[in-house]
Every structure is written in C-alpha cells, then in structure tokens.
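Presented below is the structure to which this report refers.
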Amino acid sequence: MYKHTSILALAMVLLMGCSGTVPTLGVTAGKLTPCPDSPNCVNSQQAATDEEHYIEPIAFSGTSQQAQVGLLHVLKAAERASIVVVEDNYIRVEFTSQVMRFVDDVEFYFPSVESGKIMIQVRSASRVGHSDFGVNRERIEQIRAEFNALPQ
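See below:
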C-alpha cells in the first residue's frame, strides 16, 4: 500500500510541475522576448540568421484591429488553448499538451504601421524541457494556415 501511495504522490507532483512557472513575457522596446538557447522556441523577431529559432511573421493586409479579430477567431477554435491576455497590440495564449499537461506560451505582437500591411510578430515557447520535437514551429504554421484561410 505504501508503494502505491508513494508512486501516486510522485506522479501528482510531476504532473503539477509540468506547467512550469510563467516566464517574463510581453513586448519590451518593440520586441518579444528572445528565445533561450534551447530548441523549444520560435520567434519571428529572432535574427533570420538564427535558423533554429527564426520563423516568418504572419503577413496581413488591413488594420491591426482586423488582424486581431481574425487571429482571435482562429485561437478560440484551437484545441487546449487558453487566451490569457488581449491588448490593443498584443495577444498571449497558453497551449496545454493533452497527456503531460505541458504549457507552451504563444505570443502575437501587432506593431503599429501606417501602410496597411501588417506583419504580426510571433513567439511560441515551451516552459519546461529542452526539445519540443518541432511542436512550437508546427503550431505557428498551423495558426498561419488557418488565419490565411479566413475570408478577407
């Protein structure tokens, strides 16, 4: 009985610890937080020469408000996504993995532009672990595809 209780207690501690602590996120001086050295993060504002972390921003023709409405539509339909912050030029979402309950932080930044051509800056990063097996990159590409498929 003691062995089963110990295993159950250990499993609960491990599962509760999978969410990790919320890192410092947001926009500082017009930039999303840079990726750490680990390969479990992508960032469109990372230098294009950093192929491991760099991902293209999401292009949109229209206003920031239109882009945000469309993106929120996509995010609300996403599985295991919780929209945490919505501001005039910023959205943060937490995606939770189904089995281990790992949390990934996904950010979208809408810098102000005057031309009507918006580049939505993106960052997606795992809170814990080292490798994500490409999950963060795939997530952003899926969001991009669904966003671009919306009627304009």
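Residues -24 to -1, 1 to 128 in mature numbering (1 follows the signal peptide of the UniProt record, and there is no 0) are what the sequence shown spells out, letter by letter. C-beta: ideal position from N, C-alpha, C; glycine also.
*Would you list the residues sitting across from L8 in a DSSP beta bridge?*
V3
*Report the residue from R120, F123, V79, S88 whose alpha carbon sits nearest the alpha carbon of R103.*
V79
*Quick one: give me the first and last residue of the alpha helix (DSSP H) that A121 is part of.*
111 to 124
_Would R113 and I31 be called neighbours here (beta carbons separated by less than 8 Å)?_
yes
*Please work out which residues of its chain come closer than 7 Å, Cβ to Cβ, to I(-18), disregarding the five sequence neighbours upstream and downstream, and give them in chain order.*
Residue confidence for I(-18) is low, a pLDDT of 48 falling below 50, so the modelled location carries little weight; the figure read from the coordinates is stated next. Closer than 7 Å at the Cβ level, and outside the excluded window around I(-18), lies no residue.
_Once DSSP output is grouped into helix, strand and coil, what is the label at V61?_
strand
*asked:* According to DSSP, F36 sits in a beta bridge with which residue or residues?
replied: I94
*Contact set for A43: own chain, Cβ-Cβ below 7 Å, skip 5 residues either direction*: F36, F86, I94, I96
*Assign Q128 to one of two classes, buried (16 or more other C-beta atoms within 10 Å of its C-beta) or exposed (fewer than that).*
exposed
_Distance check for V89 and A125, CA to CA, integer angstroms please._
23 Å
_CB contact flag (R99, E117, <8 Å)_ = no
*Beta carbon of N65, beta carbon of S40: below 8 Å?*
yes
*Mind checking P12: buried by the 16 CB within 10 Å criterion, or exposed?*
exposed
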